[in-house]
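A.B. asks: To convert, take the position in the sequence shown, counting from 1, and add 4; that gives the numbering used here. All residues carry an ideal CB built from backbone N, CA and C; glycine is no exception. Since the model is a prediction, treat every value here as computed from it, not as a measurement.
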Amino acid sequence: MSNEWVPKTRLGKLVQQGEITSMGQALESGLPLKEVEIVDTLLPDVEDEVLDVNMVQRMTDSGRRVNFRVVVAVGNKDGFVGLGVSRGKEVGMSIRKAVEIGKLNLIEISRGCGSWVCECGTPHTLPLRVEAKCGSVQVVLKPAPRGVGLAVGDTAKVLLELAGVQDAWGFAKGRTNTITNYAHAVFEALKNINKMKMTDETRQRLNIVSGPVGGIE
């Protein structure tokens, strides 16, 4: 842990003191995640990928102003994924800011073997069908048998890969070329996994695991 980091939040202090040692514990604590250093400490292997860079122009009294809107996905490819959107005058600075926002928006997702034609028992895919909507974009994600891969759109594929989902079917309707809405719809769909109520027997049957599972053989 960097000696330069001085936590300003209760969650940050608990992490620095070693009372919280995993990202799952940090999210379960219910304390707000407001320091990027918490994620850097608990998930040092987080990766990021730029989904979209869009130039936004607007006219003001002083002339034309140009900003860049950046959409970035982050994740550790093993149960944690986040999405960040930022605007700024410079692309590089906007990307860094979007990465930080994505880390602060991290969620923990559940995986399992939800495909009825698979039943391999490993948490390689989504545990159930989920959907979400943002703007005109509606996304549906479904469990797939092992070996299918990610049969989804490019934006959804990046988010699912960073979340650690190996196999999935999915489709989207609406203006999917609006990457910001598409990415948010996929992210909300992944959030909805944890909102579904399931019995312990169902969780055991589908081998549903929340968070990191390590390598799947």
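#1: Would you please state the rounded distance, in angstroms, between the beta carbons of Gly174 and Val144? I believe it to be under 8 Å.
#2: Starting from the Cα of Val162, find the closest Cα among Lys93, Leu55, Gln61 and give me that residue.
#3: Do Val78 and Asp52 have their beta-carbon atoms positioned less than 8 Å apart in this structure?
#4: According to the neighbour-count rule (16 or more other Cβ atoms, all chains shown, within 10 Å of its Cβ), is Lys12 buried or exposed?
#5: Considering only residues of the same chain and omitting the five flanking positions on each side of Trp9, which have a CB-CB separation below 6 Å?
#6: So, does the stretch 206-221 touch the stretch 72-90, judging by three or more C-beta pairs under 8 Å?
#7: Helix or strand or just coil, what does DSSP make of Ser33?
#8: Could you check the C-alpha separation between Arg133 and Asn181 for me, to the nearest Å?
#9: Using a Cβ-Cβ cutoff of less than 7 Å, which residues in the same chain neighbour Val50 once the five nearest sequence positions on both sides are dropped?
#10: Please look up how many angstroms separate the CB atoms of Ala172 and Leu164, rounded, as I've assumed it's under 8 Å.
#11: Take Met97 and list the residues in its own chain whose beta-carbon comes closer than 8 Å to its own, dropping the five residues that flank it on each side.
#12: In chain order, what residues of the same chain have a beta carbon less than 6 Å from the beta carbon of Pro147, not counting five sequence neighbours either side?
#13: Going by other Cβ atoms of all chains shown within 10 Å of its Cβ, with 16 needed for buried, is Val103 buried or exposed?
C.D. replies: In short:
#1: 6 Å
#2: Leu55
#3: yes
#4: exposed
#5: Glu41
#6: yes
#7: coil
#8: 23 Å
#9: Val43, Val78, Gly79, Asn80, Lys107
#10: 6 Å
#11: none
#12: Gly118, Ser119, Thr129, Leu130
#13: buried
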